[in-house]
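Positions in the sequence shown are counted from 1; adding 463 to them yields the working numbering.
Take a look at the structure below.
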Amino acid sequence: MKIKNIFSVLLITLLSLGSCADFLDRDPDKILSDDQVFSDAVMIKSVLANFYGRITWGQHIDDSYSYTILDEAMKTDGGPDTRQGFEDNRWRVYDYTLLRNLNQFLVGVRATTVLDSKTQKELEGEARFIRAWLYFNMVRGMGGMPIVGDEVFDYVPGMDITALQYPRSTEAGLYDYIISECEAIKDYLPVNPSINAARATKWAALMLKARAAIYAGSIANYNNKMPSPIKTDGGEVGIPASMATKYYETALAAAEEVIKSGKYQLQLSKPDDRGRNFYEALSVKENNHEIIWARDYKYPGQTNGFTQANIPASHAEDIDRCYAGPILNLVEDYEYINDRDGEIKTRDASGNYIFYNKPEDAFLNKDPRLWGTVIYPGAIFKGTPVVLQAGQKHFEKGEWKVVTSEPGDKDDNNILITSINGPTTTNNQFVNKSGFFFRKFLDETPSASTRGRRSEMWFPRFRFAEAVMIAAEASFELGQTGQALTYINMVRSRAGIQELTTITFDDIVRERRVEFAFEDHRYWDLKRWRLADKIWNGIQNDPKAQQYALFPYLINDPGNPNNGKWVFDKIPTHMSPYPRYFQMRNYYNFIDQGWIDNNPKIVKNPYQ
């Protein structure tokens, strides 16, 4: 084992945990030996912190573009996005270097004499949790991959390398390994929440167990209902249908252990303002009782640019703004409080405009989670409204005429034409093109949108609502519909919308979409349910595959009874002109030929 070739003190310093005053006094250029690392308790924890810093994958707030790829948000700055399909390596994770480093760490932490036995077990549990999380991110993208256990391989020139070549596990085998690891380590880990949910606890391990099991159960169930199930002869891809029940039972038991622990809850600190409550449950760290495990950021040193990139122009504190915005597809999936049809009403049955006194009136009585997730026209952010106005309209010769301008310009009567925020159908830089801004994960802290400071906003990976929704889904799939209703209604009741009296699979799909928007669930959910190819079907102007925008217009027509009111147009966005097209080959990432060259025991995935 050679730790000294992996970590420098400088890198560890930037990623260290807790108070490390003595550690920070060390020579920043020194490379450490094994003995030096594992004879210093602070150093050991700093190495572990390095691992936490290396596991940011998938859709996340340090990569705003990642949000524009699906049917949740669109790119609104930097020119049109000609994407239609999905890459063969989209969000693919293959990091055996990190696995080797984790196994090296495990050898050292098990042998060290500078930690008490309880701390040793905790650190071992955290390292094994990170390893299980890494395997989970591999399996959900590629299926079964080689499981190396605790092995640390050291290559010596001339040795027989076949001993280093492991075949791919079955997909079920890798999910089973993740589940068993989480069960084995859960009691090694702390039972009390960690600061800012930054470190793994028993409940994070149980959440990973529950999520892995619900994914495996879904694949065993829905893959085998396809006309041509996706699988390989050796089981590297594809899980037998007979295993679905076992996985659903495992998912339900793990989720219920979290639910019944009493350590977390569906946060409801502001019952009189459910929208604000939802925003704070996801985006405010202080006194948070919902988030179980998160990627935390802390100024100085580690901050993210999500707020800097995506803040409305009217509220920006620096030059950056308006990079991406949520789309109408997502917004209309949020129900009204007493009406499950979430469509924004823009025209009546005769095709005539519906007029609103204020733009925000179109969103009255929407599921409050919409307010907590998306800034829609006229909504308040940081104490002031976000004006979204595409232009003005007036009625002339039997039809509505449109007047637009450069963002921020006014007419001769000092009436705004097009807002500085947009939306527009031009390619103006730093102007919205979708009609909506992010709210979830947008930091309200002063200076959080500046280049010099950026944001400390965290990115939740596990939260209590997911435990409840996993329990709802697993109960439903096990035929326990009464229990499934109880769980899904817990989430809906916290949101402030009507409870369901019956439950369908489509209810679960929709509830997860609106509850977990922008939290790296949508892509993986549609894949595990084998819905991605049906929803993202590549058909032009399909209401699900095409990205749509909502443009608000002020009626500026003196003498018209609707003068001063607002109307909306729904349009396919010009910034993403092509519908999303998910092909059968996209259900599993392709296996890189270089990996096969190094290890001929690795077989390719279907459709390669």
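The beta carbon of each residue, even a glycine, is placed where N, CA and C say it ideally should be.
Just so it is clear, the structure is predicted and the values come from calculations on it, not from any experiment.
Whole-number beta carbon distance between alanine 667 and alanine 714, since they are thought to touch under 8 Å: Position 251 of the sequence shown, counted from the first residue, corresponds to residue 714. Position 204 of the sequence shown, counted from the first residue, corresponds to residue 667. Between alanine 667 and alanine 714 the Cβ distance is about 15 Å, and since that is not below 8 Å, they are no contact.
Reference arginine 1048, options Val505, Ile693 and Glu720, closest by Cα: Here residue 1048 corresponds to residue number 585 of the sequence shown, with the count starting at 1. When only C-alpha atoms are compared, the closest one is Ile693.
Limits of the alpha helix (DSSP H) - the one that phenylalanine 514 falls within: Position 51 of the sequence shown, counted from the first residue, corresponds to residue 514. Counting along the chain, the alpha helix (DSSP H) containing phenylalanine 514 begins and ends at 504-516.
Touching by the beta-carbon criterion (3+ pairs, under 8 Å), the segment 874-885 and the segment 1035-1051: Put simply, the segment 874-885 does not touch the segment 1035-1051. Fewer than three CB pairs are less than 8 Å apart.
Reference aspartate 781; option with closest CA among Ala676, Ser657 and Arg914: Position 318 of the sequence shown holds residue 781. Ranking Ala676, Ser657 and Arg914 by Cα distance to aspartate 781 puts Arg914 first.
Residue nearest to threonine 965 in terms of C-alpha spacing, selected from Gln946, Glu978 and Gly959: Within the sequence shown, numbered from 1, the residue matching residue 965 stands at position 502. Considering only alpha carbons, the answer is Gln946.
Cα-Cα separation between leucine 474 and asparagine 513, rounded to whole angstroms: The residue you call residue 474 lines up with position 11 of the sequence shown. The residue you call residue 513 lines up with position 50 of the sequence shown. Since pLDDT at leucine 474 reaches only 36, below the 50 mark, its modelled position is unreliable, and the value read off the structure follows with that caveat. Going by the C-alpha atoms only, they are around 8 Å apart.
Straight-line gap, glutamate 907 to leucine 827 (C-alpha atoms, nearest Å): The count along the sequence shown starts at 1 and reaches residue 907 at position 444. The count along the sequence shown starts at 1 and reaches residue 827 at position 364. Computed Cα separation, rounded: 23 Å.
Minimum C-alpha distance to tyrosine 638 - residue among Trp520, Asp996 and Ala676: Taking the first residue of the sequence shown as 1, we reach residue 638 at position 175. Taking only the C-alpha atoms, the option nearest tyrosine 638 is Ala676.
Cβ pair methionine 605, arginine 555 closer than 8 Å: As a position in the sequence shown, residue 605 is number 142, starting the count at 1. As a position in the sequence shown, residue 555 is number 92, starting the count at 1. Yes, the Cβ-Cβ distance between methionine 605 and arginine 555 is below 8 Å.
Burial state of phenylalanine 616, where buried means 16 or more other Cβ atoms lie within 10 Å: Start at 1 with the first residue of the sequence shown, and residue 616 comes out as number 153. Exposed, by the Cβ-count rule.
In DSSP terms, what isoleucine 843 is bridged to: Position 380 of the sequence shown, counting from 1, holds the residue named residue 843. Note: isoleucine 843 sits in a beta bridge opposite Pro848.
Boundaries of the alpha helix (DSSP H) in which lysine 1033 is found, first to last residue: Taking the sequence shown and counting its residues from 1, one reaches residue 1033 at position 570. Note, lysine 1033: premise wrong, no alpha helix (DSSP H); beta strand (DSSP E) at 1029-1035.
Boundaries (first-last residue) of the alpha helix (DSSP H) holding phenylalanine 592: As a first step, residue 592 is located in the sequence shown; it is residue number 129 there, counting from the start. Start and end: 580-605.
Separation of valine 894 from threonine 888, as counted between CA atoms: Here residue 888 is taken as the residue at index 425 of the sequence shown, counted from 1. Here residue 894 is taken as the residue at index 431 of the sequence shown, counted from 1. Distance between the alpha carbons of threonine 888 and valine 894 is about 10 Å.
7 Å Cβ shell around lysine 709 - same chain, five flanking residues per side excluded: Position 246 of the sequence shown, counted from the start, is the residue given in the question as residue 709. Hits under 7 Å: none found.
Bounding residues of the beta strand (DSSP E) (the contiguous stretch that carries glutamine 1071): The residue you call residue 1071 lines up with position 608 of the sequence shown. Taken as a continuous stretch (DSSP letters only), glutamine 1071 belongs to no beta strand (DSSP E), as it is neither H nor E.
Same chain, Cβ closer than 7 Å to aspartate 544, five either side skipped, listed in chain order: As a position in the sequence shown, residue 544 is number 81, starting the count at 1. Excluding sequence neighbours, aspartate 544 sits near Thr531, Lys538, Met1038 and Ser1039.
Beta carbon of alanine 716 nearer than 8 Å to that of asparagine 684: As a working mapping, residue 716 is identified with position 253 in the sequence shown. As a working mapping, residue 684 is identified with position 221 in the sequence shown. Contact flag unset, no.
Proximity of alanine 1008 and isoleucine 1034 at Cβ, strictly below 8 Å: In the sequence shown, counting from the first residue as 1, residue 1008 sits at position 545. In the sequence shown, counting from the first residue as 1, residue 1034 sits at position 571. Judged by beta-carbon spacing, isoleucine 1034 lies beyond the 8 Å limit of alanine 1008, meaning their Cβ atoms are not closer than that value.
Endpoints, beta strand (DSSP E) assigned at tyrosine 1016: On the sequence shown, residue 1016 is found 553 positions in, with the first residue counted as 1. 1011-1018 is the extent of the beta strand (DSSP E) around tyrosine 1016.
Glycine 588 beta carbon less than 8 Å from that of leucine 627: Taking the first residue of the sequence shown as position 1, residue 627 is located at position 164. Taking the first residue of the sequence shown as position 1, residue 588 is located at position 125. No. Outside cutoff.
Opposing strand residues paired with lysine 829 [DSSP bridges]: Counting from one through the sequence shown, the residue named residue 829 turns up at place 366. Answer is Tyr799.
Neighbourhood of aspartate 1032 by C-beta distance below 8 Å, restricted to the same chain and skipping five residues each side: Taking the first residue of the sequence shown as 1, we reach residue 1032 at position 569. Same-chain partners within the cutoff: Thr809, Ala853, Leu1013, Phe1014 and Tyr1016.
Simplified DSSP assignment, three categories, for histidine 778: Looking up residue 778 in the sequence shown gives position 315. Of the three classes helix, strand and coil, the one that applies to histidine 778 here is helix, per DSSP.
Minimum C-alpha distance to glutamate 614 - residue among Pro1021, Phe858 and Leu561: Walking along the sequence shown from the start, residue 614 turns up at place 151. Comparing Cα positions, the closest option is Leu561.
Burial state of isoleucine 933 (16 or more Cβ within 10 Å): One-based indexing of the sequence shown puts residue 933 at position 470. Isoleucine 933 is buried by the Cβ-count criterion.
Three-state secondary structure assigned by DSSP to glutamate 535: Here residue 535 corresponds to residue number 72 of the sequence shown, with the count starting at 1. Here glutamate 535 sits in coil by DSSP.
Buried versus exposed, by CB contacts within 10 Å (16 or more), glutamate 862: In the sequence shown, counting from the first residue as 1, residue 862 sits at position 399. Looking at its Cβ environment, which holds fewer than 16 other Cβ atoms inside 10 Å, glutamate 862 is exposed.
Range of the contiguous alpha helix (DSSP H) that encloses lysine 672: Translated into the one-based positions of the sequence shown, residue 672 becomes position 209. Residues 665-685.
Closest residue to tryptophan 596 among Pro822, Gly698, Ala757 and Val1030 (Cα-Cα distance): By one-based count along the sequence shown, residue 596 stands at place 133. Tryptophan 596 has its Cα closest to that of Ala757, out of Pro822, Gly698, Ala757 and Val1030.
Best match in Val977, Met953, Lys903 and Glu749 for proximity to arginine 803 [C-alpha to C-alpha]: Counting from one through the sequence shown, the residue named residue 803 turns up at place 340. Closest by alpha carbon: Val977.
Helix, strand or coil at tryptophan 987 according to DSSP, with G and I counted as helix: Within the sequence shown, the letter at position 524 stands for residue 987. It is helical.
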